[in-house]
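Following: one structure in structure tokens, then a few remarks.
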Amino acid sequence: MESPTSHVKRVFILLLIIIIAGVIVRSMLIPESFGKYGHYRGNALQEEAAREVTFSEQEKCSSSECHEMNFLIKDKGKHKPVVCENCHGAFAFHPEEKRADPNKFTINRDRSLCLTCHRKEPARPKDFPMIVELEHYVEGGEKPPCISCHDPHSPSMG
Amino acid sequence: MEFEKMNQQSRRDFLKKFIQGSTALSVVLMYPVPSFSTEKDKKKKANTNYVYLVDIGKCIGCGKCVKACRTENNVPADFFRTWVERYLISFQHEVFTDSPKGGEEGFQPKKIKGEVEKGFYVPKLCNHCSNTPCVQVCPVSASYKSPENFILVDKERCIGCGYCVQACPYGSRYISPNSHTADKCTWCYHRITKGLQNACVQACPREARLFGDLNNSKSKVSKVFHRENLMVLKPHLMTNPQTYYKDMAAEVI
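Chains A and B, in that order, are what the protein sequence lines are. Under numbering that gives the first Met the number 0, the first sequence has 7 at position 8, and the numbering climbs by one with no breaks. Under numbering that gives the first Met the number 0, the second sequence has 121 at position 122, and the numbering climbs by one with no breaks.
Here you go:
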């Protein structure tokens, strides 16, 4: 005859098996760095911080012998708050030649680059210098590029 | 014979033993799982208070910020981590709003019904809420808050269910068609940790976007940040955003 408490023992043994199996599966499924800084995979933070940057900063252009002149001109003019990479493109890899491709160093010399900011728009703040494209030095259907009169690094005239 | 002995045990005794046993067990089960952080990691609990400040009165809608973000973060085409919206309000108080390609190529002139009484551009991005719904709903803890209070996405763990995209009330998140995981503005965490500026903040020629640590008295943000004059988007949802807007009109949603 079975012991009168055998059914209780069976349940507890079963519970023990489930707990042990659960702990084993949990240790296999949960990634290593989980819980390091919070309820997430801790290594994700380092992975995010280690991503490559594409834009550099103005200080890199200004402190170089090649571009110092243009930077000083810009620094004294109305375009001082416009960073070099805004118009010239993202240049974190310059001049280390990591991705040396002369086609990457192009600049748009067309009116369209200037008009993106300076076209007259009702939603733009009133104190911002704006022009109406068709009224600004358009002669006989000819639309000369802005840089034919304005130095892009220090654009104000006179 | 043994059965009779057991049945003599009164019901009261049994209940007593049962309650004592289960109380002891539940006390044992309440013992917290020890945390895995070491001393070095505990120091990472930063005492920084990063905020993002958008000055609507200064924005000219040039879209350079959107372009810079796309270049810096390889944002897939047709998706945006940040975007600019244009609001034009007529004298009859009809509101027209648009965001063509997120404002990346600037805005073309628009004729609206009636004269424009006031208009402005509103740059928007992930608000990095303190009480964020997107971290709350993530089923695999792929969406998380970093020790510096940046809300980030763990691409390795994300399963692309899209629950967080639904949960965000500001529309800041999207499922990237390249990685099939959730993606969003990270406040350029990879640049901030290297001492650089966020791509959008650097690109803005009007200082309409500012980012910095309020606890750092040298930062530009701490100098211009006056909490009384600033608003957040959708405050009634109590997400406690860390992106503040200056000169925000009532029409901005």
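Where is the CB? At the ideal position from N, CA and C, for every residue including glycine.
Excluding its 5 nearest sequence neighbours in each direction, S142/B has C-beta neighbours in its own chain below 6 Å: C133, V134, V152 and C163, listed in chain order. Per the C-alpha coordinates, the member of K77/A, I146/A and D126/A positioned closest to N107/A is I146/A. Shown in chain order are the members of the region 83-101 of chain B whose Cβ falls below 8 Å from a Cβ of chain A: R85, Y86 and L87.
Annotation: R50/A to T96/B spans about 35 Å, alpha carbon to alpha carbon. At a cut-off of 7 Å between beta carbons, P80/A contacts chain B. By alpha-carbon distance to Y188/B, the top candidate from A202/B, N72/B and E103/B is N72/B. Taking 7 Å as the CB threshold, F92/A stays off the interface with chain B. In the three-state DSSP reduction, L124/B falls in the strand class (E or B). C-alpha of G170/B to C-alpha of M230/B: approximately 18 Å in a straight line.
Within the region 141-209 of chain B, the complete alpha helix (DSSP H) segments at least 4 residues long are 162-166, 188-191 and 198-202, listed from N- to C-terminus. Under the three-state reduction of DSSP, D74/A is assigned to helix. Closer than 7 Å to the CB of Y120/B there is at least one CB belonging to chain A. In the three-state reduction of the DSSP assignment, E116/B falls in the strand class.
As summarised for the region 41-65 of chain B, there are no continuous alpha helix (DSSP H) elements at least 4 residues long confined to that stretch.
Contacts between R190/B and chain A, judged by CB atoms closer than 7 Å, involve V52 in chain order. In this structure, the straight-line span from the alpha carbon of K35/A to that of N85/A is close to 39 Å.
Cβ neighbours of K142/A within its own chain (closer than 7 Å, five residues either side excluded): R110. Close to L44/A, with beta-carbon spacing below 7 Å, are these residues of chain B in chain order: S145. The Cβ atoms of V139/B and R156/B sit closer than 7 Å to each other.
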